[in-house]
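Q: The opening position of the sequence shown corresponds to residue 22 in the working numbering, with each subsequent residue numbered one higher.
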Amino acid sequence: MTKKFDVLTHDLVPNHILLTEEETQELLKRYSITRGQLPKIKSSDVVVKQIGAKPGDVLKIIRRSLTAGKAVAYRLVID
Numbered sequence: 022m023t024k025k026f027d028v029l030t031h032d033l034v035p036n037h038i039l040l041t042e043e044e045t046q047e048l049l050k051r052y053s054i055t056r057g058q059l060p061k062i063k064s065s066d067v068v069v070k071q072i073g074a075k076p077g078d079v080l081k082i083i084r085r086s087l088t089a090g091k092a093v094a095y096r097l098v099i100d
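1) Closer than 7 Å by C-beta to THR45: which residues in its own chain qualify, once you throw out the five before and the five after it? Chain order, please.
2) To which residues of the same chain is PRO60 closer than 6 Å at the C-beta, ignoring the five residues directly before and after it?
3) Helix, strand or coil for LYS25 per DSSP?
4) Nearest-angstrom Cα distance between ALA74 and HIS31?
5) Classify ILE83: buried if its beta carbon has 16 or more other beta carbons within 10 angstroms, exposed otherwise.
6) Might you give, ordered along the chain, the residues of its own chain that have their beta carbon closer than 7 Å to the beta carbon of GLN71, omitting 5 neighbours on each side?
7) Per DSSP, what are the beta-bridge partners of ILE83 in this structure?
8) Which residues share a DSSP beta bridge with ILE54?
This is the structure:
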């Protein structure tokens with residue numbers, strides 16, 4: 022029997038949160054941008070697959086930062 026590796030629990034993998042459509046619209050309005058202007062992340066990414074995100078979804082990624090404490094980034098899932 023093989024063990025399954027849960028990438029989401031690894032120390033070096035930042036927290037990924039799938040935004041709702043309402044949260045996505047609020048984000049786009051706050052920064053006056055379109056979905057296409059967001060940085061991209063491939064749907065084949067291991068974390069994207071594991072959390073069940075689909076193309077068109079927006080992820081909020083929260084990383085630890087030595088200078089800022091935490092850094093928040095947003096990514097649009099693409100094919």
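Even glycine gets a Cβ: it sits at the ideal position worked out from N, Cα and C.
A: Based on what the coordinates show:
1) VAL79
2) ARG96
3) coil
4) 19 Å
5) exposed
6) VAL28 and LEU29
7) ASN36 and VAL93
8) The partner list for ILE54 (beta bridge, DSSP) is empty, contrary to what the question assumes.
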